Amino acid sequence: MISGLSVPLVGLIDAGVVGRLSAPEALGGVALGGWLFEMICWSFGFLRMGTTGLVAQAKGKSDPLELSATLARGLLTALGIGVCLSLCSPLLTGPALALLSGDSAEVNASAGAYLSARLWGMTPALLNYVCLGWLLGLARPRSALALQLLMNGLNASLSLWWGPMFGVGGVGGASAVAQWVTAGVGLSWVITQTAPRVEWEHISERLRRSDAWRALAQLNVDLFIRTALLLGVFGAMNSGSARLGALTLSANALLLHLQSAQAFALDGFAHGAEVLTGEAIGMSARARLRRVIKASAHLTALTALLISAVYAVAHKPIFMLLTTHDEVVSLAIEVAPWVIFSPLISAPCFLLDGVMIGATQASSMRRGMITSAVIFALIAMIGVPLLGNHGLWLAFLCFMATRALSLTPTLLRLYRG
0 MISGLSVPLV GLIDAGVVGR LSAPEALGGV ALGGWLFEMI CWSFGFLRMG
50 TTGLVAQAKG KSDPLELSAT LARGLLTALG IGVCLSLCSP LLTGPALALL
100 SGDSAEVNAS AGAYLSARLW GMTPALLNYV CLGWLLGLAR PRSALALQLL
150 MNGLNASLSL WWGPMFGVGG VGGASAVAQW VTAGVGLSWV ITQTAPRVEW
200 EHISERLRRS DAWRALAQLN VDLFIRTALL LGVFGAMNSG SARLGALTLS
250 ANALLLHLQS AQAFALDGFA HGAEVLTGEA IGMSARARLR RVIKASAHLT
300 ALTALLISAV YAVAHKPIFM LLTTHDEVVS LAIEVAPWVI FSPLISAPCF
350 LLDGVMIGAT QASSMRRGMI TSAVIFALIA MIGVPLLGNH GLWLAFLCFM
400 ATRALSLTPT LLRLYRG
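Residues in the sequence shown are numbered consecutively from 0, following my numbering.
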């Protein structure tokens, strides 16, 4: 949980730096540019999720050779994707930003400057996904925490230093540098300290097995579709906010940072569920799996209640800390009830994602996300013209609730065995 919370805190710092130095349009531009980078990068979040589930199951089976082969497949896949994205992304991001930013030239310019700098960190970001998935799958959360704190601490420090000097481009560059440093440290640690001592000729033999690559490809495709749809909904939130005006975009950016913070906090239990679910399935220990699901559900529910209470009491001071623009704060306070209730509605889907990843039930996640995205689109098309920004947030919370409901049948099947 601490590791996850360090991620949105950097986003909050970026927003705080830009929100205090620039006009509201710059804050909105950072929100759009940051979302587009994450959409590209997190679309390949299967590198983290798939690695965690497969590593946990191999660990449960006590198979060091498959552990090493899983790590090698993940790193090779991340490197190949990263190189291709680094070459193609600059050609695609310009038109995408123009489409998302609407008619605001100021928002588009700020988003472009921020994104251009962040794109230099694409390849190491994907390699870091594999390292993080590996450490979580081995149940080494402290090592994963150390890497996350290194990356996010360095990112935050450089943002505070370079932001006043170079503006939004400096904030984006801070992220790219932090990714490269963390990838170097993480790969060195993973390969030399945590990987099983297995002869390379045995690993290369496993890497030549086409059936393993086909199974990995199917898992990755399902997770890719699921993640792309998830990010598409967040993109629709940003795009819909931009079309409601620059002030609405900036206000919703603050609320989405709080949404992100609670998601990463609750993902701490989801990540634990991934590892323990994978181990239990690898060991064929059904009673252990039931205990994992029960304990995770209780802890997730209590934490969601706590986060909701904190947001109810402290949302206004948080907004005022992030920006000095009174009109943005006022608009954010107006729609704050949606983000206050969000932890209670969103928590079940975060936990269920963790269980599904540990059980490598990616096809259920894909089907559930398709249904949820359709629900979001239908409610947004009706709600936004009638309710404006409130209609947009109503669609979003219905989307989160549908995610949980769609995964419940698979959870019951796993629980009952």
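In this text, a Cβ means the ideal position worked out from N, Cα and C, and glycines have one as well. In this text, all values refer to a predicted model and were calculated from it rather than measured experimentally.
Q: Would you decide whether C348 is buried or exposed? Buried here means 16 or more other CB atoms lie within 10 Å of its CB.
A: buried
(Q) Check for me: the alpha helix (DSSP H) holding S329 runs from which residue to which? (A) 325 to 333
Q.
Quick check: what's the CA-CA separation for L214 versus E273?
A. Residue identity differs from the one stated: residue 214 is Ala in this sequence, not Leu. Cα to Cα, the separation comes out at about 19 angstroms.
Q: Output yes or no for whether 7 angstroms exceeds the beta carbon distance between G277 and Q56.
A: yes
Q | Endpoints, the alpha helix (DSSP H) within which W179 is located | A | 167 to 188
Q) So what does DSSP say about P347, is it helix, strand or coil? A) helix
Q) Among F43, K60, L46, which one has its Cα closest to the Cα of L275? A) K60
Q. Nearest to T69 by alpha carbon, out of L343, I190, I378, I339?
A. I190
Q: Please go through the same chain and pick out, in chain order, the residues whose beta-carbon is closer than 7 angstroms to the beta-carbon of L137, but skip the five residues on each side of it.
A: V54, K58, T193
**Q.** Endpoints, the alpha helix (DSSP H) within which M121 is located
**A.** 121 to 136
**Q.** Length of the line joining the Cα atoms of T122 and A400
**A.** 33 angstroms
Q: Please name the residue, chosen from A30, G28, F45, that lies closest to I356 on a Cα-to-Cα basis.
A: F45
**Q.** Limits of the unbroken alpha helix (DSSP H) element including A258
**A.** Sequence inspection shows Gln at residue 258; the Ala mentioned does not correspond to that position. 245 to 281 is the span of the alpha helix (DSSP H), which, as asked, contains Q258.
Q.
By alpha-carbon positions, which one of P140, I292, Q217, P63 ends up nearest to A361?
A. Q217
Q.
Taking the alpha-carbon of G172 as reference, which of L410, L157, G267 has the nearest alpha-carbon?
A. L157
Q.
Starting from V373, trace the alpha helix (DSSP H) in both directions and tell me its first and last residue.
A. 361 to 386
(Q) Can you look up A194 in the DSSP assignment and give me helix, strand or coil? (A) coil
Q: Report, in whole angstroms, the separation of the C-beta atoms of A335 and H314, which I expect to be a contact under 8 angstroms.
A: 5 angstroms
Q. Do F43 and L125 have their C-beta atoms within less than 7 angstroms of each other?
A. yes
Q.
Can you check which of these residues, A143, Y414, S405, P408, is closest to I292 by C-alpha distance?
A. Y414
(Q) Does M236 come out as helix, strand or coil in the three-state DSSP assignment? (A) helix
Q.
Quick test of your reading: M364 and D221, contact by CB under 8 angstroms. State the CB separation rounded to the nearest angstrom.
A. 7 angstroms
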